[in-house]
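Participant:
Residue numbers (the numbering used here), protein chains in the order written: chain Z, -11 to 258; chain X, 748 to 1002.
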């Protein structure tokens, strides 16, 4: 990136020269999209039901800040509990399936097949069992993030160098010590990628569940505004969910860096 | 693969055994009253219902609607996604300009955009196809970028040094190198596409498997609901395994 010369630093500078810089092209396209977003509905190029102007979207978010904040709070609460199920449960089962050979060869392929099933179709079961309150969101979000966490953890544990295990066992390490001091550190990068994908999926699961049947939450708010054709509010709600997902991703990467630094970076082979 | 055929057969029979055991446990749990049959119907009711559904014209019609949406979305999005990905992967200029854009969008949760698609396309067939394409396109672009970058320059140099023609380069170097990565992208895209179409049908629609499942759930028809879920699961597992088989086949040369 730093090697690139900034276009337009000599007297031949013009649009063509400027566009030779890929970064300029990217920003120009982004600017055009934002400009289109603002201008197109105002000029009547697209129906205002389809697209609310950028400024109207932002204004709706500011005026309805209280409503958005309250519902975002509900979503956060469901998400926190769902993450406990997805990451805790998925991590524990993944650790078990990845480290016990007979389970790994039989159950793991079944788990990765289940991962291909579109889990949305299971949501009506959750509402039939747990109602349309917070419980069904927590359970469904937890299920959504469970499998990616399980598969990533199992894959991480599986790649642990067998030499370490043999060495530790011959020196009399207990099963707990082997998990704590060998398997977890070696599998950490893979587990963290499981945490990253699992958290993202859990968040999607909670919001999707709220969109389908709920009484509160950001997904519910989006659906409610859609049925009332409050286009600006719908766009602002979607924007909030994207920000939520981005924040989770950022938080995981911070934890990833912290956790990674407490273990030796390079694993040397024996 | 080194364990041989015998252990492979053993593994598969063990897997079948586990699946059978799960269904048995489910049946016994309901029959002994550990689970309430009204909220968890036993497999002895669900499995025959799932089979019977394959002869039910109403279910078949809705299954056909869903399949048509999924297939049309796939046929439309595959060439577009792969073309964009190859362009970004091969051209340094466009790659630098737009790769971060697509990497960012690939990480954005796409399901929340469904209401936007309803505002734009209504609640019919077109909206489901458009949403399925939207769900699938980013993973296709990302995998096509990876495919373009996975072509080994050593192989290219060697082939050129031995005087390979342009045609030979494309058919013998580029295609075998890129195909496994692209097929993997197609497989993931197909899963996202199916998920997207089913979700869109469950959210607001008048037809489709997702519409049926959602209606059965709301009217508490649990046997139908579980049978519908089994059908949806079986179909997507079949699609996934078929594409995975093809992926392994075209990727076998990598060892």
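Heads up, the beta-carbon is just placed ideally off N, CA and C, and yes, glycines get one too.
Is there a Cβ of chain X sitting closer than 7 Å to that of residue 48 of chain Z, yes or no?
Facilitator: With 7 Å as the cut-off, residue 48 of chain Z does not count as an interface residue toward chain X.
Participant: Report yes or no: is there a C-beta of chain X within less than 7 Å of the C-beta of residue 38 of chain Z?
Facilitator: It does: the Cβ of residue 38 of chain Z has a partner Cβ on chain X nearer than 7 Å.
Participant: Using only the alpha-carbon positions, how far apart do residue 954 of chain X and residue 941 of chain X sit?
Facilitator: Each residue's Cα considered, the two are about 15 Å apart.
Participant: I need the DSSP call for residue 152 of chain Z, collapsed to helix, strand or coil.
Facilitator: In the structure shown, residue 152 of chain Z sits in a helix (DSSP, three-state: H, G or I).
Participant: In angstroms with no decimal places, state the Cα-to-Cα distance between residue 8 of chain Z and residue 110 of chain Z.
Facilitator: Their backbone Cα atoms lie some 50 Å apart in a straight line.
Participant: Listed from N- to C-terminal order along the chain, which residues in the stretch 209 to 220 of chain Z have their beta-carbon within a distance smaller than 7 Å of any beta-carbon of chain X?
Facilitator: Correct list: 210, 211, 214 and 219.
Participant: May I ask you to report which of helix, strand or coil DSSP gives residue 258 of chain Z?
Facilitator: Residue placement at residue 258 of chain Z is flagged as unreliable, the pLDDT there being 42, under the threshold of 50; the coordinate-derived value follows with that caveat. Looking at residue 258 of chain Z - three-state DSSP - the assignment turns out to be coil, as it is neither helix nor strand.
Participant: Could you work out which residue in Z:136, Z:178, Z:231 and Z:202 is closest to residue 244 of chain Z when comparing CA atoms only?
Facilitator: Nearest C-alpha to residue 244 of chain Z: Z:178.
Participant: Give the interface partners of residue 979 of chain X over in chain Z, defined as CB-CB distance under 8 Å, in chain order.
Facilitator: 105, 106 and 109, listed in chain order.
Participant: Using the C-alpha atoms, what's the distance from residue 817 of chain X back to residue 875 of chain X?
Facilitator: The alpha-carbon atoms of residue 875 of chain X and residue 817 of chain X are separated by roughly 8 Å.
Participant: For residue 218 of chain Z, count the other beta carbons within 10 Å of its own beta carbon; 16 or more makes it buried, fewer makes it exposed. Which is it?
Facilitator: Flag for residue 218 of chain Z reads buried.
Participant: For residue 117 of chain Z and chain X, any beta-carbon pair shorter than 7 Å?
Facilitator: Output row for residue 117 of chain Z: interface = yes.
Participant: Using a C-beta cutoff of 7 Å, does residue 196 of chain Z count as contacting chain X?
Facilitator: So, interface residue.
Participant: Could you tell me whether the Cβ of residue 725 of chain X comes closer than 7 Å to any Cβ of chain Z?
Facilitator: What is shown of chain X runs 748 to 1002, which leaves residue 725 of chain X out entirely.
Participant: Tell me whether residue 104 of chain Z, by its Cβ, gets closer than 6 Å to a heavy atom of the ligand FAD.
Facilitator: What this structure holds is no ligand at all, so the ligand FAD is not there to describe.
Participant: Among the residues of its own chain, which have a CB less than 7 Å from the CB of residue 344 of chain Z, if the five just before and after it don't count?
Facilitator: One cannot answer for residue 344 of chain Z here, as it falls past the ends of chain Z, which runs -11 to 258.
Participant: Ignore the nearest five residues each way along the sequence and tell me which others in residue 232 of chain Z's own chain have a CB closer than 7 Å to its CB.
Facilitator: 191, listed in sequence order.
Participant: According to the neighbour-count rule (16 or more other Cβ atoms, all chains shown, within 10 Å of its Cβ), is residue 142 of chain Z buried or exposed?
Facilitator: Per the 10 Å Cβ criterion, buried.
Participant: If you drop the 5 nearest sequence neighbours on each side, which residues of the same chain put their C-beta closer than 7 Å to that of residue 60 of chain Z?
Facilitator: Closer than 7 Å at the Cβ level, and outside the excluded window around residue 60 of chain Z, lie 206 and 228.
Participant: Please classify residue 904 of chain X: is it buried, with 16 or more other beta-carbons within 10 angstroms of its beta-carbon, or exposed?
Facilitator: Exposed is the call here.
Participant: Tell whether a beta-carbon distance below 7 Å holds between residue 878 of chain X and residue 943 of chain X.
Facilitator: Yes, they are a contact pair.
Participant: Name the residue from X:836, X:967 and X:805 whose alpha carbon lies nearest to the alpha carbon of residue 118 of chain Z.
Facilitator: Among X:836, X:967 and X:805, the Cα nearest to that of residue 118 of chain Z belongs to X:967.
Participant: So, is residue 996 of chain X buried or exposed, given that buried needs 16 or more other C-beta atoms within 10 angstroms?
Facilitator: Exposed is the call here.
Participant: Is there a C-beta anywhere in chain X that falls below 7 Å from the one on residue 242 of chain Z?
Facilitator: No, residue 242 of chain Z does not count as interfacial toward chain X.
Participant: How many whole angstroms separate the CB atoms of residue 939 of chain X and residue 793 of chain X, which I take to be in contact at a CB cut-off of 8 Å?
Facilitator: That pair is no contact at about 27 Å.
Participant: Are the beta-carbon atoms of residue 964 of chain X and residue 10 of chain Z separated by less than 7 Å?
Facilitator: Contact: no.
Participant: For residue 812 of chain X, I'd like the list of residues in its chain whose CB is within less than 7 Å of its CB, leaving aside the five on either flank, ordered along the chain.
Facilitator: The residues are 954 and 955.
Participant: Give me the residue from Z:53, Z:38 and Z:91 with the minimum Cα distance to residue 860 of chain X.
Facilitator: Checking every option, the nearest Cα to that of residue 860 of chain X belongs to Z:38.
Participant: Taking all protein chains shown into account, decide if residue 862 of chain X is buried (16 or more other Cβ within 10 angstroms of its Cβ) or exposed.
Facilitator: With 16 or more Cβ atoms within 10 Å of its Cβ, residue 862 of chain X is classed as buried.
Participant: If we call anything under 7 Å between Cβ atoms a contact, is residue 26 of chain Z one with residue 42 of chain Z?
Facilitator: Yes, these two residues count as a Cβ contact at 7 Å.
Participant: Helix or strand or just coil, what does DSSP make of residue 887 of chain X?
Facilitator: Of the three classes helix, strand and coil, the one that applies to residue 887 of chain X here is helix, per DSSP.
Participant: Let me know the alpha helix (DSSP H) ranges lying completely inside the stretch 799 to 870 of chain X, each 4 residues or longer, listed in chain order.
Facilitator: Runs of the alpha helix (DSSP H) inside the stretch 799 to 870 of chain X: 804 to 837, 839 to 854 and 861 to 868.
Participant: Whose CA, out of Z:65, Z:17, Z:186 and Z:28, lies closest to the CA of residue 311 of chain Z?
Facilitator: No information on residue 311 of chain Z is available, as it lies outside the stretch -11 to 258 that chain Z covers here.
Participant: Please list the partners that residue 832 of chain X has in chain Z, where partner means a Cβ-to-Cβ separation under 8 Å.
Facilitator: Neighbours of residue 832 of chain X on chain Z: none; closest Cβ ~17 Å, over 8 Å.
Participant: Per DSSP, what kind of secondary structure is residue 768 of chain X in: helix, strand or coil?
Facilitator: Residue 768 of chain X falls in the helix class under three-state DSSP.
Participant: Is there contact between the stretch 72 to 87 of chain Z and the stretch 179 to 186 of chain Z, where contact requires at least three CB pairs shorter than 8 Å?
Facilitator: Result yes; three or more Cβ-Cβ pairs closer than 8 Å.
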